[in-house]
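Q: Submitted below is the structure of interest, expressed as structure tokens.
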Amino acid sequence: MPDEKIETNEFSSQTERTIYTYLSLHYPTAILSHNIKDVYEPYEIDFSIQLLEQLIYIEFNGVLHCSNKSKNSNSRHINKCQLNDKIKKNLICNENKQALIRLWSEIGLYSSPNTFDRALVELKTIIDNTFNFHCNKDYGYCVELIVDKNHELHKLVEKF
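The sequence shown lines up with residues 11 to 170 when you count with my numbering.
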């Protein structure tokens with residue numbers, strides 16, 4: 011795994027841009043990277059945040075990743091995205107014993123400001139808890155934060 015991460019400033023959505031801005035405002039001393047393409051090639055990781063020696067990967071998975079149907083996408087593309095999500099989770103958590111937080115949304119978060127705000131606050135809580143309690147553990151760790159169609163937040167925690 012290379013020490014340097016290749017990062018691009020392009021955001022695939024306003025939601026990703028907002029998440030990045032939120033993280034940079036709440037973690038000003040952290041090293042924050044976006045669109046990391048050289049850690050688990052050929053896969054791209056949306057974000058990483060590093061405080062001291064602790065590193066957390068963060069993925070945002072929107073509607074395309076959550077369902078079998080999406081306007082503007084065919085089922086083959088959706089299946090590929092969902093398979094890549096599983097592979098990345100296995101690489102990060104199971105094989106490399108690192109921390110991953112995934113924010114899943116079955117709705118358009120950017121167009122639901124109150125729900126988005128709640129999800130960002132919960133994401134920060136999860137990041138803080140991960141930095142506090144997962145420090146240099148010998149197991150992988152994944153937290154799935156899910157925003158459902160009813161704007162409810164759900165959390166699933168797995169250790170690997």
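Glycine included, every Cβ here is placed at the ideal spot set by N, Cα and C. For clarity, every value in this text was computed on a predicted model and none was experimentally measured.
If you drop the 5 nearest sequence neighbours on each side, which residues of the same chain put their C-beta closer than 8 Å to that of L155?
A: Residues I111, R112, L113, W114, A129, E132, L133, I136, L163, H164, K165 of the same chain have their beta carbon placed closer than 8 Å to that of L155, with the five preceding and five following residues left out of the count.
Q: With a threshold of 16 other CB atoms inside 10 Å of the CB of E14, please say whether the residue is buried or exposed.
A: Reliability of the predicted coordinates at E14 is poor, the pLDDT of 45 falling under 50, and the value obtained from them is presented with this limitation in mind. E14 is exposed by the Cβ-count criterion.
Q: Within the same chain, show all residues whose beta-carbon is closer than 7 Å to that of Q24, passing over the 5 residues directly before and after it, in chain order.
A: Y120
Q: Cα-Cα, which of K159, V157, E105, I117 is closest to D148?
A: E105
Q: The beta strand (DSSP E) that contains Q60, what's its start and end?
A: 53-61
Q: Would you list the one or two residues that DSSP bridges to F141?
A: Paired residue(s): none; F141 is not in a bridge.
Q: Please list the terminal residues of the continuous alpha helix (DSSP H) segment that includes Q64.
A: Under the DSSP assignment, Q64 falls outside any alpha helix (DSSP H), being part of the beta strand (DSSP E) whose first and last residues are 64-71.
Q: Once you ignore the five residues that flank A40 on each side, which residues in its own chain have a CB closer than 7 Å to its CB?
A: I59, Q60, L61
Q: Along the chain, where does the alpha helix (DSSP H) containing H36 start, and where does it finish?
A: 24-36
Q: Among G118, Q108, D127, which residue has its Cα nearest to the Cα of E168?
A: Residue nearest to E168 within the set G118, Q108, D127 is Q108 (criterion: CA-CA distance).
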